[in-house]
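In our numbering, the protein residues as written are 0 to 179.
See the structure below:
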């Protein structure tokens with residue numbers, strides 16, 4: 000069983016979502032947003048760092064997934080987004096969590112099955128996958144989607160490692176040796 004936190008970084012609203020993965024089952028734990036509510040960028044970054052730090056200390060996730068920055072039309076917006084993302088990642092690694100990074104397309108593909116899905120589609124699939132009766136706020140849904148994406152990706156990696164280990168045991172010999 001693992002507890003996964005997903006982060007959807009933003010300079011004004013940073014979404015977070017926490018799920019529990021037990022085998023192939025996913026269970027909702029918590030989700031919300033960290034609101035910076037200030038115009039000063041250094042203060043926003045401080046609030047993002049402190050918010051992520053507080054949430055991780057409270058819930059104790061064992062894994063983390065963060066959405067990667069996409070290249071926006073506005074370079075200033077992309078820079079602010081990158082700084083917010085950096086504050087969140089710094090808080091996670093400061094608490095000794097390994098951070099997996101996924102593009103928005105990878106996250107949407109994993110959750111919705113379509114890499115160009117809109118926010119509404121992501122929210123609806125997050126509700127369905129986690130059996131939620133209430134639609135999460137868009138940034139929280141995106142963060143939950145990042146956590147779900149990581150759960151799927153880490154499950155695939157574990158299965159591949161197991162299959163490789165079993166395949167080597169089943170053959171009982173190294174690649175170079177052949178019977179004649």
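Cβ coordinates follow ideal geometry from the N, Cα and C atoms, glycine included.
Quiz item: Any contact of the region 104 to 111 with the region 85 to 95, i.e. 3+ C-beta pairs under 8 Å?
Solution: With the rule of 3 Cβ pairs closer than 8 Å, the region 104 to 111 does not count as touching the region 85 to 95.
Quiz item: Below 8 Å between beta carbons: does that hold for residue 50 and residue 68?
Solution: Reading the chain shown from its first residue, position 51 is the one you call residue 50. Reading the chain shown from its first residue, position 69 is the one you call residue 68. Taking 8 Å as the Cβ cut-off, residue 50 and residue 68 do not qualify as a contacting pair.
Quiz item: Of the residues 4, 152 and 117, which one's Cα is nearest the Cα of residue 27?
Solution: Counting from one through the chain shown, the residue named residue 27 turns up at place 28. Closest in alpha carbon position to residue 27, among 4, 152 and 117, is 4.
Self-check item: Range of the contiguous beta strand (DSSP E) that encloses residue 27
Solution: The sequence position of residue 27 within the chain shown is 28, counting from 1. Annotation: the continuous beta strand (DSSP E) that includes residue 27 extends over 24 to 34.
Quiz item: Between residue 175 and the rest of its own chain, which residues show a CB-CB distance below 8 Å, the 5 nearest in sequence each way excluded?
Solution: Here residue 175 is taken as the residue at index 176 of the chain shown, counted from 1. Since pLDDT at residue 175 reaches only 48, below the 50 mark, its modelled position is unreliable, and the value read off the structure follows with that caveat. Counting only Cβ-Cβ distances below 8 Å, and skipping sequence neighbours, we find nothing.
Exercise. Alpha carbon to alpha carbon, how far is residue 137 from residue 151? Give it in angstroms, no decimals.
Key: Along the chain shown, read from residue 1 onward, the residue named residue 151 stands at position 152. Along the chain shown, read from residue 1 onward, the residue named residue 137 stands at position 138. One C-alpha to the other measures close to 21 Å.
Exercise. Within the same chain, show all residues whose beta-carbon is closer than 6 Å to that of residue 124, passing over the 5 residues directly before and after it, in chain order.
Key: As a first step, residue 124 is located in the chain shown; it is residue number 125 there, counting from the start. Scanning its chain for C-beta atoms nearer than 6 Å, with the 5 sequence neighbours on each side dropped, one finds around residue 124 the residues 110 and 111, in chain order.
Quiz item: Does the beta-carbon distance from residue 12 to residue 32 come in below 8 Å?
Solution: Counting from one through the chain shown, the residue named residue 12 turns up at place 13. Counting from one through the chain shown, the residue named residue 32 turns up at place 33. Taking 8 Å as the Cβ cut-off, residue 12 and residue 32 qualify as a contacting pair.
Quiz item: When DSSP labels each residue in this structure, what does residue 21 get in the three-state scheme?
Solution: Taking the chain shown and counting its residues from 1, one reaches residue 21 at position 22. Note: residue 21 maps to strand in three-state DSSP.
Self-check item: Residues of its chain near residue 18, where Cβ-Cβ distance is below 8 Å and the 5 sequence neighbours each way are ignored
Solution: Sequence index remark: in the chain shown, residue 18 carries index 19 (1-based). Closer than 8 Å at Cβ, skipping near neighbours: 2, 3, 5, 25, 26, 27, 28, 129, 143, 146, 147 and 150.
Exercise. Leaving aside the five residues before and after residue 47 along the sequence, list all residues of the same chain whose C-beta is less than 7 Å from its C-beta, in chain order.
Key: In the chain shown, counting from the first residue as 1, residue 47 sits at position 48. Correct list, in chain order: 13, 33, 35, 83, 86 and 87.
Practice problem: Just confirm the distance between the C-beta atoms of residue 55 and residue 94, as a whole number of angstroms; I'd bet it's less than 8 Å. | Solution: The residue you call residue 55 lines up with position 56 of the chain shown. The residue you call residue 94 lines up with position 95 of the chain shown. The C-beta separation of residue 55 from residue 94 comes to about 5 Å, placing the pair in contact by the 8 Å criterion.
Quiz item: What distance in whole Å lies between the Cβ atoms of residue 135 and residue 30, which are believed to be in contact at a cut-off of 8 Å?
Solution: Sequence index remark: in the chain shown, residue 30 carries index 31 (1-based). Sequence index remark: in the chain shown, residue 135 carries index 136 (1-based). Taking 8 Å as the upper bound for CB-CB distance, residue 30 and residue 135 are in contact here, some 5 Å apart.
Exercise. Return the chain-ordered ranges of every beta strand (DSSP E) run that is complete within the region 74 to 108 and spans a minimum of 3 residues.
Key: List check, beta strand (DSSP E) in window: 98 to 101.
Exercise. Tell me whether residue 111 sits in a helix, a strand or coil according to DSSP, three-state version.
Key: Counting from one through the chain shown, the residue named residue 111 turns up at place 112. Residue state, collapsed to three classes: helix.
Self-check item: Supposed close pair residue 79, residue 126 - CB separation, criterion 8 Å
Solution: By one-based count along the chain shown, residue 79 stands at place 80. By one-based count along the chain shown, residue 126 stands at place 127. Not a contact, Cβ separation roughly 30 Å.
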